[in-house]
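Below: one structure, written as structure tokens.
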Amino acid sequence: MHHAIWINSSNELSVKEIKEKYIPLEAQTLVKVEYSGINPADLKHGEYMGILDCVAGYDFSGTVIEAGPGSQFPPGSKVAGLTPAMNPRPSKHGSHQDYMIAPDSMVFAVPPHLPMDIAATLGVAMRTAIDGVFCQLGVPDPDFGSASGGILIWGGASGVGTIAIQLAAAAGLSPILTTASSHNHEVLKKLGATHCFDYRDADVLDQIRDVAHQSGTTLKLAFDTIGYAGSAHMVDWCYSCCDEGARVVTTIPHPKALKCFATRADDITFDGPNGRVTYPARQEDAARTSKILKWAVENLRSLQVPTVRTVVGNDAAIEAIIQSAQGGVSFEKIVVKHTTLE
1 MHHAIWINSS NELSVKEIKE KYIPLEAQTL VKVEYSGINP ADLKHGEYMG
51 ILDCVAGYDF SGTVIEAGPG SQFPPGSKVA GLTPAMNPRP SKHGSHQDYM
101 IAPDSMVFAV PPHLPMDIAA TLGVAMRTAI DGVFCQLGVP DPDFGSASGG
151 ILIWGGASGV GTIAIQLAAA AGLSPILTTA SSHNHEVLKK LGATHCFDYR
201 DADVLDQIRD VAHQSGTTLK LAFDTIGYAG SAHMVDWCYS CCDEGARVVT
251 TIPHPKALKC FATRADDITF DGPNGRVTYP ARQEDAARTS KILKWAVENL
301 RSLQVPTVRT VVGNDAAIEA IIQSAQGGVS FEKIVVKHTT LE
């Protein structure tokens, strides 16, 4: 028996005892969780996708204590990654619990240079950014560094935004335009952004258009990394700043934009505003995402993530999950240390 943070049918959080004994199947591992990463999706998926009555959380880092047949990660391996978003979602896949089941396809071995708390922040943000930039927008792989043209990243200080900026820079895109609060501009430029804009400025769209026009190159790519209730206008803003024929990707469903996911290996079904929706698996994108993630972890040793804050205790963890879902976290990732969910 162990404890977990549970999402009920009303999208509310509580602590629940888990009596089920998890057993890893083919190409799965049973992981003792050391850190679980908090993401807006922990609650947003309940609100927008109907993923309820399950253990919360996707990101994690920890130690393999039992490997299923065919798993590439033997017991004792230090691993990190994320777990599937599905509806219904088995309790074994939630990361905000002391023990969980992780599929090999969504896990990476944590290299010695990468601290476990930071590793627990990379699964959702990194895979979502990779899917958005490379699979949906069609940018060439970053190890080639041969991409051309500019990109607008709306929400550069978000977890997905900071990774997207660095991946865009590694791929060779320029200019890299991003929006964020002004106090985050300097650090975002160090990550690779060429121009930063304060999204609260009344003329921010005109500012972006002017810089894009003066750059002398095309701006046909945009990534809305924010995505929350009432944020559909951000996609429209992205289109209005780009050249004709632009491709725009976003993190929540939008009728005009492409949708990125952290997981593409399986069908993703959820209850949307207009009924049940299924996004079919895209195995080629899933394989490409895993390949680029491995490259980034091994080659971008200077990979920067927002400040990592550790919370201890159930109440602090639940409060942080709610804060993240409400957009109250900027240039910071929060992790739960798992000596506490007991």
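Heads up, the sequence shown stops at 342 in full-length UniProt numbering, and the numbers go up one at a time, no gaps.
Backbone N, C-alpha and C fix where the C-beta goes; we use that ideal spot for every residue, glycine too.
Distance, Cα to Cα, residue i vs residue j?
i	j	result
L341	V312	At L341 the pLDDT is 48, less than 50, meaning the model places this residue with poor confidence and gives no usable figure here.
V204	S215	17 Å
I176	Y199	15 Å
C260	T178	18 Å
residue 360	H96	The first residue shown for the chain is 1 and the last is 342, placing residue 360 beyond what the model contains.
P24	G68	5 Å
I322	G159	16 Å
G155	V235	12 Å
L303	N184	17 Å
K333	Q283	29 Å
D210	P103	46 Å
residue 373	T289	It is not possible to answer for residue 373, since the shown part of the chain is limited to 1 through 342.
H195	S77	41 Å
V305	S10	32 Å
Just list the residues that DSSP pairs residue i with in beta bridges.
i	result
F73	Note: F73 sits in no beta bridge, so no partner.
H195	L177
A109	V79
E66	L30
K154	Note that residue 154 corresponds to Trp in the displayed sequence, not to Lys. According to DSSP, W154 bridges with T179, D224.
C54	I7
P24	None, per the DSSP bridge assignment.
D59	G37
T310	V335
Q97	A4
Going by Cα to Cα distance, which pick from the options is closest to residue i?
i	options	result
V107	G81, T225, H185	G81
L188	I208, T162, K333	T162
K294	A246, A147, D141, E186	D141
M1	K21, C196, L13, D210	K21
T278	P75, A287, T289, D266	D266
I101	I65, V133, V110	I65
A147	S290, V79, A170, A157	A170
T251	Q166, D243, A232, C241	A232
G50	N8, S91, T83, V297	N8
Which whole-angstrom value is the C-beta distance of residue i and residue j, which I expect to be below 8 Å?
i	j	result
residue 344	T225	Since the displayed the chain opens at 1 and closes at 342, residue 344 lies outside it and no answer follows.
A325	L43	4 Å
V55	Y99	Not really, about 10 Å apart at Cβ, beyond 8 Å.
F223	I151	7 Å
E17	H3	6 Å
V124	L167	The Cβ separation is near 15 Å, so there is no contact.
R29	V308	A small fix is needed here, since residue 29 is Thr in this sequence, not Arg. T29 to V308, Cβ: 24 Å. No contact.
Next on the checklist: Give the list of continuous beta strand (DSSP E) stretches no shorter than 3 residues that lie fully inside the segment 195 to 260.
Outcome noted: Under the rule that a run must span 3 or more residues, the beta strand (DSSP E) segments found entirely inside the segment 195 to 260 read 195 to 197, 219 to 224, 247 to 250.
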